[in-house]
Amino acid sequence: MSGQAAETDGPDGPKRVVVVGASWGGLHALTTIVRALPPAFAAPMLIVQHRSRDAAGLLAELLQDVTPLRVCEVEDKEPLRDAHVYVAPPDYHVLFDDRHFALSTEAAVRFSRPSIDVALASAADTYGARTIGVVLTGANEDGARGLLRVVERGGWGIVQTPATAEVRTMPEAALKAVRGSGSPRWVVAPLDEIAGQLVSLVNTGMPVDGAVGRAAT
1 MSGQAAETDG PDGPKRVVVV GASWGGLHAL TTIVRALPPA FAAPMLIVQH RSRDAAGLLA
61 ELLQDVTPLR VCEVEDKEPL RDAHVYVAPP DYHVLFDDRH FALSTEAAVR FSRPSIDVAL
121 ASAADTYGAR TIGVVLTGAN EDGARGLLRV VERGGWGIVQ TPATAEVRTM PEAALKAVRG
181 SGSPRWVVAP LDEIAGQLVS LVNTGMPVDG AVGRAAT
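67 is the number that full-length UniProt numbering gives to position 67 of the sequence shown; each next residue is one higher, with no gaps.
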């Protein structure tokens with residue numbers, strides 16, 4: 001595509017893959033993060049936001065208004081590209097298959113399809129330490145198991161500081177999970193710092209200031 005990033009083509013797929021999960025209050029959180037990402041963001045990002053079946057296309061349109069990155073809903077077998085933000089379509093789980101996405105209509109997980117847990121676990125199992133998972137605001141515990149899988153596979157987890165979340169249930173559950181993992185590869189960050197942490201992890205493999213296992217304040 002003219003003016004857009006080429007398909008990610010490392011020998012084992014993308015160098016980094018970012019998966020962001022959000023539920024209640026997610027639009028503000030996602031807009032804040034996506035707006036702050038640089039135009040040359042060197043990774044594909046998948047957003048899994050709980051939403052109704054009749055909301056297809058709307059979230060991608062809203063996010064496209066705040067970023068020069070290409071934003072689109074995931075299609076089955078679509079290749080992963082750097083500097084692209086992909087949005088999980090309503091009523092489908094999103095899985096990873098090396099350099100491509102795969103859509104699934106298997107049963108809902110934690111009453112959700114798309115499921116944040118499913119996407120995070122699939123990324124962790126496919127890309128291991130190259131995975132960066134983010135859990136944001138939400139009113140259930142979707143994402144906690146998936147983020148645990150990410151850090152157990154050597155990837156990095158970012159949890160929104162619960163005090164900055166519109167609804168703190170989901171980040172609190174994720175924080176409890178990673179704290180009990182024994183892994184230091186997680187960071188708790190206020191909403192307005194998450195984009196900077198993502199850029200640092202994508203570019204250097206380490207969070208800002210080398211912070212690891214940082215607890216919420």
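Ideal Cβ placement from N, Cα and C applies to all residues, glycine included.
Residues in its own chain within less than 7 angstroms of residue i by CB, not counting five upstream and five downstream?
{"i": "VAL94", "result": "LEU46, VAL48, VAL74, ALA88, PHE101, LEU103, PRO114 and ALA119"}
{"i": "LEU148", "result": "ALA177, VAL178 and SER181"}
Is residue i helix, strand or coil when you go by DSSP?
{"i": "SER52", "result": "coil"}
{"i": "ARG149", "result": "helix"}
{"i": "ARG130", "result": "helix"}
{"i": "ASP125", "result": "helix"}
{"i": "LEU46", "result": "strand"}
{"i": "VAL159", "result": "strand"}
{"i": "THR217", "result": "Note that THR217 has pLDDT 40, beneath the 50 cutoff, so the model's placement of it is unreliable and the number below is only indicative. In this structure, THR217 counts as coil in the three-state DSSP scheme."}
{"i": "GLY13", "result": "strand"}
{"i": "ARG179", "result": "helix"}
What residue range is occupied by the uninterrupted alpha helix (DSSP H) comprising residue i?
{"i": "ALA195", "result": "194-204"}
Compute the distance between the beta-carbons of residue i and residue j, then report whether it is under 8 angstroms.
{"i": "PRO38", "j": "VAL199", "result": "yes"}
{"i": "PRO14", "j": "ALA43", "result": "yes"}
{"i": "GLY146", "j": "GLY128", "result": "no"}
{"i": "ARG185", "j": "VAL212", "result": "yes"}
Following the continuous beta strand (DSSP E) through residue i, name the residue where it begins and the one where it ends.
{"i": "ALA189", "result": "186-189"}
{"i": "VAL71", "result": "70-73"}
{"i": "GLY21", "result": "17-22"}
{"i": "LEU103", "result": "100-104"}
What residues in its chain sit with their C-beta under 8 angstroms from that of residue i, if we drop five residues either side in the sequence?
{"i": "PHE111", "result": "ASN140"}
{"i": "GLN4", "result": "At GLN4, the pLDDT of 41 sits below 50, so the modelled position is not reliable; the number obtained from the coordinates is stated separately. Excluding positions up to five away in sequence, the list reads ARG70, ARG81, ALA83 and HIS84."}
{"i": "ALA216", "result": "Summary for ALA216: the model assigns pLDDT 39, below 50, so the residue's position carries little reliability, and this model does not support an answer."}
{"i": "LEU30", "result": "VAL20, ALA22, ILE47, GLN49, LEU59, LEU63 and LEU136"}
{"i": "VAL109", "result": "HIS93, SER115, ASP117, VAL118 and ASP142"}
Please work out which residues of its chain come closer than 6 angstroms, Cβ to Cβ, to residue i, disregarding the five sequence neighbours upstream and downstream, and give them in chain order.
{"i": "THR131", "result": "VAL17, ALA123, ALA124, VAL150 and GLY155"}
{"i": "TYR86", "result": "LEU46 and VAL74"}
{"i": "THR126", "result": "PHE96"}
{"i": "GLY190", "result": "Sequence inspection shows Pro at residue 190; the Gly mentioned does not correspond to that position. So the list reads THR161 and THR164, once near-sequence residues are dropped."}
{"i": "ALA195", "result": "ILE33, ALA36 and LEU37"}
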